[in-house]
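All residue numbers for the sequence shown refer to UniProt numbering, where the first residue is 1 and numbers rise by one. Built from N, CA and C at the ideal position, the CB exists for glycine as well. Computed from a predicted model, the values in this text were never measured in an experiment. To start, the structure under review is shown below, and the notes come after it.
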Amino acid sequence: MANSKFEYVRHFEQTTTTYLLPNTYIIIRIDGRSFHRFSTLQSFQKPNDPRALSLMNAAAVSVFHDLGGEVVSIAYGVSDEFSFVLRKECNLFDRREAKLVSTVVSIFTAYYVSLWPTYFPSQPLTKPLPTFDGRAVCYPTIENVRDYLSWRQADCHINNLYNTTFWALIQQGGMTPQEAEKELMGTLAKDKNEILWSRFGVNYNNEGEMFRKGSVVYRNYGAVPESSADDTPSDEKEIEQKEEKEEINPTTPPAETQKGKSRSQQKREAKKLAKAEVVIEHVDIIKEAFWEKRPWILH
Ligand code: ATP
Ligand code: ATP
Ligand code: MG
Ligand code: MG
Ligand code: MG
Ligand code: MG
Ligand code: MG
């Protein structure tokens, strides 16, 4: 079909393609479409159905595997949303926004649907089928990325405390949704904790970690022993060493290196990272401790 008289329409495409800013962290957030309704129709347990959250987590892990080890560095999920942080060196699809966002949304949705029977074995998926939207935002610094993730986790906490109290008032307190909403109007966190404890004997801090903190997904690079991770064939190593030597006295300027690491060193580390197991944890990512223990996630 080359050079048909219709082909000029391609030029329209070039003028509207967005290439995301190089050397920045791309965060793609996906969110379930009308999941308030979807969760009701699928009889999700309220306020939190652990099967639905585990299914979200499994779909997120599949995004890590499908895109390969060098693309996503960490993901954070809560309710019907998941945020994927792409490495700032990521050059997938030349960083074309539409390709990146549509691909992540599509991988996630495909796995959500195909893994449904694993998490809801006695409940076949019926219409309306689950669908997701997605958006991409670029963040230039690690501080921005951490603040983004802290924002989502703080949101998780605020919403979950509200929802836990709201549903306790309905399920155990016999209120209608309207009455529960009115009861909670203008209340602070300590008031909600007090309602849960004094009226229902519920200590909010004993609620499930997955509900209170959301889900953090990342490659557990630190847990991979050096020997098992670096099984680069020795002939490949030789080539790498040769490349390294050449980089010391290059005839052409070397490609940009991370913090002075040689290209082969970067390649080896990327390989090791790609082999590390993808883990799901329900932990605090607002405080320093998580990041201090896992310095490889954001750099
Ligand atoms: P939109 O299409 O604008 O995103 P929405 O109905 O999906 O609309 P959200 O703000 O995304 O609105 O909220 C998602 C809703 O899905 C939650 O309010 C909650 O009711 C429901 N939900 C999501 N996950 C779960 C879960 N694991 N257990 C119970 N309910 C859930
Ligand atoms: P990209 O991810 O860049 O789109 P791609 O492999 O999907 O890569 P396309 O240009 O989209 O490349 O081409 C799709 C290919 O899928 C076709 O070249 C063809 O080989 C195959 N294909 C698609 N539909 C069919 C079909 N109905 N029957 C047989 N082959 C098909
Ligand atoms: Mg939305
Ligand atoms: Mg939604
Ligand atoms: Mg949502
Ligand atoms: Mg194609
Ligand atoms: Mg095609």
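query, result
"contact_flag[the region 172–191, the region 119–128] where n(CB pairs < 8 Å) is 3 or more", "no"
"Beta-carbon proximity check, TYR204 vs THR141, cutoff 8 Å", "no"
"Delimiting residues of the beta strand (DSSP E) encompassing ASP31", "25–32"
"TYR162 - containing alpha helix (DSSP H), residue span", "142–171"
"Spatial neighbours of ARG199 in its chain, beta-carbon cut-off 7 Å, leaving aside the 5 residues before and after", "GLY173"
"Between the CA atoms of THR126 and LYS293 - distance to the nearest angstrom", "43 Å"
"Touch test, the region 84–99 against the region 34–49, Cβ-Cβ under 8 Å, three pairs minimum", "no"
"Reduced DSSP secondary structure (H/G/I, E/B, other) of VAL85", "strand"
"Rounded straight-line distance, which links the Cα of GLY77 to that of TYR218", "12 Å"
"Contact set for PHE64: own chain, Cβ-Cβ below 6 Å, skip 5 residues either direction", "VAL72, VAL278"
"Classification of PRO47 by the beta-carbon crowding that lies within 10 angstroms, buried from 16 upward", "buried"
"Local conformation of GLU281 per DSSP, three classes", "strand"
"Beta bridge counterpart(s) of PHE138 as assigned by DSSP", "A small correction: the amino acid at residue 138 is Cys; Phe does not occupy that position in the sequence shown. Paired residue(s): ILE26."
"Beta carbon of PHE93 nearer than 8 Å to that of LEU100", "yes"
"Strand pairing of GLN297, partner residues [DSSP]", "For clarity, residue 297 is Ile in the given sequence; the question names Gln instead. Bridge partners of ILE297: none, in fact."
"Residues near GLU281 by beta carbon distance below 6 Å, same chain, minus five either side", "VAL216"
"C-beta contact flag for LYS213 and GLN153 at 8 Å", "yes"
"Between the CA atoms of TYR148 and ARG29 - distance to the nearest angstrom", "11 Å"
"Bridge partner(s) assigned by DSSP for ILE74", "VAL85, TYR218"
"Span of the alpha helix (DSSP H) around ASP66", "50–67"
"Cβ-based burial, SER4 [other Cβ within 10 Å; buried from 16]", "exposed"
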